[in-house]
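Protein chains in written order, with this note's numbering: chain A, 1 to 237; chain B, 1001 to 1278; chain C, 2001 to 2608. Each residue gets a CB set at the ideal place from its N, CA and C atoms; glycine is no exception. Since we're looking at a predicted model, the values are computed, not measured. Following: one structure in structure tokens, then a few remarks.
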Amino acid sequence: MSGAAATLAVSGLTSGYGEAIVVRGINFTVAPGEIVALLGKNGMGKSTLLKTVMGFLPAREGQITLHGRDVTREPPYRIARQAIAYTPQEQAIFQDLSVGDNLRLGQPEAKWFDEELERVGEVFPFLRERLSQRAGTLSGGEQKMMLIARALMARPKMMLVDEITEGLQPSIIERLAKALLAERARTGVAMLLVEQNVRFALEVADRWVVVKLGEIDDEGKSDAPSAAARIADHLSV
Amino acid sequence: MGGLLLDILTTAAILFAVASGLMIILGVMKLINFAHGAFLTIGGYAAFVTTQLGWNPWLAVPFAALVGFVLGLIVERTIVRPLYTRPLDAILATWGLGIIIGQVITIVFGREVQFVQSPISGAIEFLGQSYSTYRLVLVALAALLAVALTALLYFTRFGLNARAVIMNEDLARGLGIDSTRVRLTTFGLGAALASMAGALVTPLISVDPNLGLPWLVNSFMLVLVSGISIPGLMVASLILGGAQVVVSTYVSAILGGLTIVVLAAVILRLRPQGLFSG
Amino acid sequence: MVEQAQNGPAKGQPSAARQRSDLGTVLKVSAAALVVLGVAPFFLDIYTVNILIRALLLAALALTVDLLWGYTGILTFGQSAFFGIGAYACALVFTHWGFGAGWAILALALGVLAAMAVAGLAGWLAFYHGASPLYGSIVTLALPIVVTQVVFAGGRTTGSSSGLSGFPTYYWTIETWFWIAGAFLVVVTALAWLFVRSDMGRVLVAIRENETRCAYLGIPVSRIKILLFVAAGAIGAVAGFGYAAFTNVVAPELTGFLLGTELLIWVALGGRGTLIGPVIGAIFIDVTSSYLSGSLPFYWKLLVGILFVVVIVALPQGLMPEVTKLWRRLVPGAKRAAETPALERAPVREVRRGVEKPLAVSGVHRHFGSLQVLQGIDFVANEGELLSLVGPNGAGKTTLIRCLADGYERSGGDITVFGRELGRWPPDRCVALGIGRKFQTANVFATLTVAECLRVSRYRLEPPSLWTSDTALELPEAALRIVEETGLAQSLDTEARHLAHGQKQALELAMVLALEPRIVLLDEPTAGLTRIERERIGAILTSLTERERLSILLVEHDLDFVREISSRVIVLHQGQIVLDGSVEEVVGSALVREIYAGTAMDGKGNEP
């Protein structure tokens, strides 16, 4: 994959919290329209990697480019405005705002709001009737679907999704997988999914990467027959 | 009795108007603006200038708001922005700013007490009571202010962004909201509200370089008790302002002066998050 | 272990010979200062002497602000209240009751007692467990306002807004007053100097740096703050008394909020946390203000305001550190060689073993509003056991640790520690039960040295001296081993903020072990560490359980690490214990694999 054409390219990236280094010299790229799953156990640096790409954590070393442009030192809001939709794992929604306001915050341009809402409403019809409901009163699964809906509102070229399946039951996970694949088919959006759920990851992603102690331990294609076994080997207790 | 009720209502209205600017800044920026009193003073002098220029006294209010907004933007850029990570130092720096503003005003306008022309004078019959018309107008204006602030926060994109920053700044930034800009605008807005309130209260009191000071601590206490919400601030102004009026009327005017402070300190000990938070 | 305890060296309190003090230096400097003050009136005109007396007294008041704010981190607006109380005690007694030596002593005693009572009450209100620093400042802000209003309310008795004047007082010469004020300031400064450089002074800085860590080291933070506030109030009252006796005038401004904020300005400009800076700042600014009040009153105040803002924004530590830096550059030998304390092995304390379970938890639950974070937690921890708590994010692991270390945290259920109820005790009392907690991110005291951090941790077992510092650092075997094995022993003089991340983590663990706990709670002690550091920590933990028979509860994400070192594992999921067993049982459990892989969890009512 050539770096210039990549939607996201990360090279030699090192970052962490304070002095604790959590991500150590990671290299990888996500091509336009490609879906990559980052796998690995808790505390291995996957979420830290996403936060660094988004500009929430400073890159100690290395470079991050989006659509071929260096964004390594840019603040989160500038990165978000380059058609990057980020859905964090924790505290991802505004609990006290209405569903409508949460979705509105996904699309900074007021003029596109109605159009996008209509489209997102087709993917998750329940949202249309619940626009004035307080988001915190949605069930766990509904909140996750609203989260994806909010990301879709932004007309993203790249989605960074952190453990969307955590704590969800299989039927909802299946629904989210379909929504993500449908969006990619429609708009050609690229995605970087941080996941613990291997089945979901292999279903949605084209490629997988296992991160261990802040470094890439292994990677491969999702459709390779050995993929599941190799990953299971890495993730076993 | 009617007089007492009107006193409580008008006092609460004045307190609400005076404290609202401080609350907006604390709510969005988590910053205690100890220059709030100085911005009230600026509003008072804006009203004084209006009178001197012979303009319509009603123009004092928008004029004060404009001056406050511009100064607020400048102050945010130069003094407040470096101190976001040091909240206690921000209190001190804004207090120092208050000293600077007070001294500049003293140098420009002198130390002496000035008077401002009231837009409305006289009294009207209300609830079987002859009552200052201007104080009653202030109640209406405070209500209007509450409505306008609510509309700004709940029905505009700026308000939505500001609320998002209040609730979860990182999440807001991740959604493309420039929180630095939200803060800049908020500080300007808070300063404008303070100046506007200063212009509104000056017809009731005289103008001098320390006009804002007595209001600062009371506003601060009201805002903390309010739990940072517009209805909360209205209720806090009514309860604490009401207590102040009652103590002043029936016990002593001097003890009335410390009612708000003492009551607030006790309330906050029992409910650290204020009376009306979530 | 018990035998070892009996054979161990029988040492009691640290001996006096081990105490180091600055007393010699302080006496020399004080004597020099007294000589300067002694001759100063003969070289200065009477007006300058006059305003210097006021400045010297206010400098003593500024010093108390520095103790509270600069050293301990309590931003106070209220020291003027105590100054005013002392001043009014003098004026009221001399005006209404009588004048003479007896009355003067009574007035001083009344002023000091009243100030201490007010400070005690305000401190009790302001510094409770869990109070925000802002709330403390609010109370100190209310204080001068209340006192001023009380003065106003006093009518004829207090002279209301015009104050009291013309009461009888000692009409000593102006030089005498100058010497009294000067000697008072020198004594207060000398005592404060010894105090802040003592072991107790380090505790104050520790509270400023990290109050939470202090509480979890068994330090009674609230009590220390209240006592300090009371002492500062007493000093302020004495200064106020002196001021009233000298000037023969008191006015409500002396107790006011504006004087309170002026003190802060002097301290900030001079340099918070330096003692000398605030004293010089107070004297310089007050004297200059008096001089310029005639010619350039507004411009001078404007200049001070601008300087204040600039210093707060650009030089938060004030001007004194800059002066010190310059001095050190100009005089190369000026940097004092720090004395490294000698490490010593603390005597082994005898403990009863095997009688009671270290930790028994039953029916513990915790909710935030309607959100159940923990429910029905029951387990027992044994001696010499390394019990790991694992589970996905949000399973409630850290919440459980919090409930074990702070009696206020849980919503319900019982916890007993060696047979004793944990009750509703704050963290510092939980430490006394034998619980030591290490936080997830390294919580050390940034501006204290490694040795000082460790000494502060010994607060409960070796009460620190108020005036001296110990030249030896006694640590229990376990803490000593960490200090030696991780190279901290070579960095005892290094400030904690300059340590590498791994060393900070090791230091915090050593601090917790310095408490001689019998139950150690560790929240991800290896987060952000290199593989080698992980292995070293793992080896130390294993030996702590085996050799010291400690009971360790470990929250850990790295399951490989858990597998290597645990003797037992508890799996938490959605706030409940789903498995409690040996490492083999957990590794072999299909349920655990499912929880971690997220493949077959039955969601609870998540269907939209």
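For residue 191 of chain A, the uninterrupted beta strand (DSSP E) segment begins and ends at 190 to 194. Annotation: the continuous alpha helix (DSSP H) that includes residue 2236 of chain C extends over 2221 to 2247.
Residues of the region 1255 to 1271 of chain B whose Cβ lies closer than 7 Å to any Cβ of chain C, in chain order: 1255, 1257, 1258, 1261, 1262, 1265, 1268 and 1269. Contact between the region 129 to 141 of chain A and the region 83 to 98 of chain A is present: 3 or more CB-CB pairs across the two stretches fall below 8 Å. With respect to the C-alpha of residue 2542 of chain C, the residue from C:2588, C:2591, C:2577 and C:2478 having the closest C-alpha is C:2478. Nearest neighbour of residue 1149 of chain B by Cα position, chosen from B:1190, B:1097 and B:1238, turns out to be B:1190. Within the region 2522 to 2552 of chain C, the complete alpha helix (DSSP H) segments of 4 residues or longer fall at 2531 to 2547, listed in chain order. At least one CB of chain B lies nearer than 7 Å to the CB of residue 2075 of chain C. A Cβ of chain A is located within less than 7 Å of the beta carbon of residue 1160 of chain B. Counting only residues of its own chain and dropping the five nearest sequence neighbours on each side, residue 2492 of chain C has a CB closer than 6 Å to the CB of 2340, 2450 and 2451. Taking a Cβ-Cβ threshold of 9 Å, the residues of chain A close to residue 2531 of chain C are 213, in chain order. Rounded to whole angstroms, the gap between the alpha carbons of residue 2203 of chain C and residue 2221 of chain C is 9 Å. At a cut-off of 7 Å between beta-carbon atoms, residue 1101 of chain B makes no contact with chain A. Note on the region 1144 to 1179 of chain B: whole alpha helix (DSSP H) runs with a minimum of 4 residues are 1157 to 1167 and 1169 to 1174, in chain order.
Annotated three-state conformation of residue 1276 of chain B is coil, per DSSP. Listed in chain order, the non-local C-beta contacts of residue 1003 of chain B below 7 Å within the same chain comprise 1129, local neighbours out to five positions each way being set aside.
Between residue 2400 of chain C and residue 2374 of chain C the beta-carbon gap is near 6 Å, inside 8 Å, which marks them as a contact.
Its Cα nearest to that of residue 2360 of chain C, the residue C:2378 stands out among C:2378, C:2429 and C:2348. In the structure shown, the three-state DSSP call for residue 2074 of chain C is coil. In the DSSP secondary-structure assignment, residue 159 of chain A is bridged to A:85 and A:191. Short of 8 Å from the beta carbon of residue 2587 of chain C, and not among the five residues preceding or following it, lie these beta carbons of its own chain, in chain order: 2563. The alpha-carbon of residue 1140 of chain B is positioned some 59 Å away from that of residue 2324 of chain C.
Nearest to residue 2270 of chain C by alpha-carbon distance, out of C:2496, C:2255 and C:2315, is C:2315. The count of Cβ pairs closer than 8 Å, one atom from the region 2100 to 2111 of chain C and one from the region 1206 to 1219 of chain B, stays below three, leaving the stretches out of contact. For residue 1177 of chain B, the nearest beta carbon of chain A is closer than 7 Å to its own beta carbon. Boundaries of the beta strand (DSSP E) harbouring residue 2365 of chain C: 2359 to 2368, taken from the DSSP string.
From the beta-carbon of residue 2301 of chain C, the residues of chain B found nearer than 7 Å are 1099 and 1103. Taking the CA atoms as reference points, residue 1039 of chain B sits about 22 Å from residue 1225 of chain B. With fewer than 16 other Cβ atoms inside 10 Å of its own Cβ, residue 69 of chain A counts as exposed. Residue 2162 of chain C is classed as exposed because its beta carbon has fewer than 16 other beta carbons within 10 Å across all chains shown. DSSP, reduced to helix, strand and coil, places residue 2339 of chain C outside both helices and strands of the structure shown, so it counts as coil. CA-to-CA, the gap between residue 1009 of chain B and residue 1195 of chain B works out to about 22 Å. Residue pairing by DSSP puts residue 2495 of chain C in a beta bridge opposite C:2449. Per DSSP, residue 110 of chain A is not a residue of any beta strand (DSSP E); the alpha helix (DSSP H) it occupies stretches across 110 to 123. By alpha-carbon distance to residue 120 of chain A, the top candidate from A:17, A:33, A:19 and A:148 is A:148. Judged by DSSP secondary structure, residue 27 of chain A falls within the beta strand (DSSP E) whose first and last residues are 20 to 30.
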